[in-house]
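Structure representation (structure tokens):
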């Protein structure tokens, strides 16, 4: 088995991620011991001085294959036609997280930066050549929405290679996803944690529902070093002027939160029939990657408001930790829609979920909590519950929205289905996160690498058989 790992180009391997290069090295050694091979590809120089792995590929932007714009444009058109994708679609989720024109509350990209795509053609050709020449079987990456990872998915789809991601998305645990066409994926249900029993899963669900216990275990990270972390943050603020602007706007944000928003928030009536929709971050790059048809949340909420079942309301709110991300004008506009009620983010999510008739979400883990409270879900993006729980529906066509909301209003959740779902997901998820800042020492990297290498190979074996 020949595996390629596309590393995160923004990880430097120092300060809070200083043990990440050790982790990659030990993963390489463990995979080699199993009789397989893993190589790493780096698309930036951020971590190059600290790399410890041996099987590496480095993209050099100076080694240009195509010498002029006319040839680049011709090659781009040929690749888009052959692989049935567009470079802009692949680039957009990456660009919105690093653009100097990024906005705190809305996506704002200039035509100039979104049209300068020639460098992507060279990266595509570089990836295509490695996958072909090295006879790779699997390409793996983390959950980052980086353009190189999306280009690799496109190539793998065409060449019938396995493309895997790992996301930290199931109640603080990590899940492998096999991805196919854009927006199409399946959860890898390989057995990764044999210690999980059905009895444990049942107790987990019941304890959560009865006592409102936190579903997310804390993840330990390295402590910040002033020189290497906070100084870098100051440099980051200097590079991205919008953050300086936000600093001076803090008094307005406080006024907006304490005065203006309170004027449009409505009282929470838990006894009326309602669905709940929690706002997703408007600038969240993974939303653009996984929920492209519904990126405009106002438009989606407006569509929902027009087809609500008889007597139903839609409660909406900001995430308590993201209050500043939603402007007063946006919230006022949403709250003015018929039968839509903006409620306070201070209301405990457990109270909202337990009294609701159903949850509407893109792919938030709120959906998992809802199932444990016995509430059905309607989702609008690939997620961890559709096709895995009978009470989790998925809307891929807004023409069916009214029908699906009617179905949601009359749906019930069988506890046995939830027990089995949680059991299956806990066994198929990992305690080992590959986030660069979660490796606490060299010893910690050794131990986690040994576990992760086995889990990665188990996930690949599952994909080969299913």
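In the working numbering, the protein residues as written are 587 to 1052.
For each residue, glycine too, the CB sits at the ideal point set by N, CA and C.
A quick note: this is a predicted structure, and the numbers were derived from the prediction, not measured.
**Request:** With a cut-off of 8 Å on the beta carbons, I'd call residue 941 and residue 856 a contact; round off their distance for me.
**Result:** Locating residue 941 in the chain shown gives position 355, where the first residue counts as 1. Locating residue 856 in the chain shown gives position 270, where the first residue counts as 1. With 8 Å as the limit, residue 941 and residue 856 qualify as a contact, their Cβ atoms being about 4 Å apart.
**Message:** Which of the three DSSP states is assigned to residue 967 in this structure?
**Reply:** Residue 967 sits at position 381 when you count from the first residue of the chain shown. The answer is coil: DSSP assigns residue 967 none of H, G, I, E or B.
**Closest by C-alpha distance to residue 655, when choosing among 952, 708 and 794** = As a first step, residue 655 must be located in the chain shown, where it is residue number 69. Cα-wise, what sits closest to residue 655 is 708.
**Request:** Spell out the partners DSSP gives residue 856 in its beta bridges.
**Result:** As a working mapping, residue 856 is identified with position 270 in the chain shown. Partner(s): none; residue 856 has no beta bridge.
**8 Å contact criterion, which residue 950 and residue 1023 should meet: CB distance rounded** = Translated into positions along the chain shown, residue 950 becomes position 364. Translated into positions along the chain shown, residue 1023 becomes position 437. Contact flag wrong, Cβ pair sits at about 23 Å.
**Span separating the alpha-carbon of residue 845 from that of residue 984** = Working through the chain shown from its first residue, we reach residue 845 at position 259. Working through the chain shown from its first residue, we reach residue 984 at position 398. Roughly 36 Å between the two C-alpha positions.
**Request:** Could you tell me the distance, in whole angstroms, from the CA atom of residue 677 to the CA atom of residue 732?
**Result:** Sequence index remark: in the chain shown, residue 677 carries index 91 (1-based). Sequence index remark: in the chain shown, residue 732 carries index 146 (1-based). Separation of residue 677 and residue 732 (C-alpha to C-alpha, rounded to the nearest whole angstrom) is 7 Å.
**Prompt:** Which one of 850, 605, 738 and 755 has the shortest CA to CA distance from residue 747?
**Reply:** The count along the chain shown starts at 1 and reaches residue 747 at position 161. Of the candidates 850, 605, 738 and 755, the one whose C-alpha sits nearest the C-alpha of residue 747 is 738.
**Request:** Within 10 angstroms of the Cβ of residue 650, are there 16 or more other Cβ atoms? Answer buried if so, exposed if not.
**Result:** Taking the first residue of the chain shown as position 1, residue 650 is located at position 64. Exposed, by the Cβ-count rule.
**Asked** Looking at C-beta atoms only, is the number of pairs between the segment 1008-1019 and the segment 748-766 that lie closer than 8 Å three or more?
**Response** yes
**Request:** For residue 805, count neighbouring C-beta atoms within 10 Å of its own C-beta (all shown protein chains included) and say buried if the count is 16 or more, exposed if not.
**Result:** Residue 805 sits at position 219 when you count from the first residue of the chain shown. Per the 10 Å Cβ criterion, exposed.
**Request:** Thinking residue 929 and residue 901 are a contact (beta carbons under 8 Å), I'd like their distance in whole angstroms, please.
**Result:** Along the chain shown, read from residue 1 onward, the residue named residue 929 stands at position 343. Along the chain shown, read from residue 1 onward, the residue named residue 901 stands at position 315. Contact holds; Cβ gap of about 5 Å.
**Prompt:** Hey, out of 884, 603, 898 and 605, whose CA is closest to residue 858's CA?
**Reply:** Residue numbering aside, residue 858 sits at position 272 when the chain shown is read from its first letter. Answer by Cα proximity: 898.
**Request:** Taking only the alpha-carbon atoms, compute the straight-line gap between residue 998 and residue 962 and give it to the nearest angstrom.
**Result:** Indexing the chain shown from 1 puts residue 998 at position 412. Indexing the chain shown from 1 puts residue 962 at position 376. In a straight line, the C-alpha of residue 998 is about 7 Å away from that of residue 962.
**Request:** Report buried or exposed for residue 922, applying the criterion of at least 16 other Cβ atoms within 10 angstroms of its Cβ.
**Result:** Working through the chain shown from its first residue, we reach residue 922 at position 336. Under this definition residue 922 is an exposed residue.
**Message:** For residue 618 and residue 1033, what's the separation of their Cα atoms in angstroms?
**Reply:** Position 32 of the chain shown, counted from the first residue, corresponds to residue 618. Position 447 of the chain shown, counted from the first residue, corresponds to residue 1033. For residue 618 and residue 1033, the distance between alpha carbons rounds to 16 Å.
**Asked** residue 607: which of 936, 632, 1050 and 621 sits nearest, CA to CA?
**Response** As a position in the chain shown, residue 607 is number 21, starting the count at 1. Ranking the options by Cα distance to residue 607, first place goes to 632.
**Message:** Less than 6 Å between C-beta atoms, sequence neighbours within five positions excluded: which residues of the same chain meet that for residue 878?
**Reply:** Within the chain shown, residue 878 is the residue found at index 292, counting from 1. Hits under 6 Å: none found.
**Residue range of the beta strand (DSSP E) that includes residue 627** = Your numbering for residue 627 matches position 41 in the chain shown. Residue 627 -> beta strand (DSSP E) spans 623-628.
**Request:** Indicate the three-state DSSP secondary structure (helix, strand or coil) for residue 764 in the structure shown.
**Result:** Numbered from 1 along the chain shown, position 178 holds the residue referred to as residue 764. Reduced to three states, the DSSP call for residue 764 is strand.
**Rounded C-alpha distance that separates residue 1005 from residue 773** = By 1-based counting over the chain shown, the position of residue 1005 is 419. By 1-based counting over the chain shown, the position of residue 773 is 187. Taking the straight line from one Cα to the other gives about 18 Å.
**Item:** Contact belief for residue 939 with residue 959 at Cβ below 8 Å, rounded distance in angstroms
**Value:** Along the chain shown, one-based indexing puts residue 939 at 353. Along the chain shown, one-based indexing puts residue 959 at 373. With a Cβ gap of about 5 Å, residue 939 and residue 959 count as contacting.
**Prompt:** According to DSSP, is residue 838 helix, strand or coil?
**Reply:** Stepping through the chain shown from its first residue, residue 838 is reached at position 252. Of the three classes helix, strand and coil, the one that applies to residue 838 here is helix, per DSSP.
**Message:** Is it buried or exposed, residue 635, if we count other Cβ atoms within 10 angstroms and call 16 or more buried?
**Reply:** Reading the chain shown from its first residue, position 49 is the one you call residue 635. Residue 635 is exposed by the Cβ-count criterion.
**Item:** CB of residue 740 within 7 Å of CB of residue 628, strictly
**Value:** Stepping through the chain shown from its first residue, residue 740 is reached at position 154. Stepping through the chain shown from its first residue, residue 628 is reached at position 42. No.
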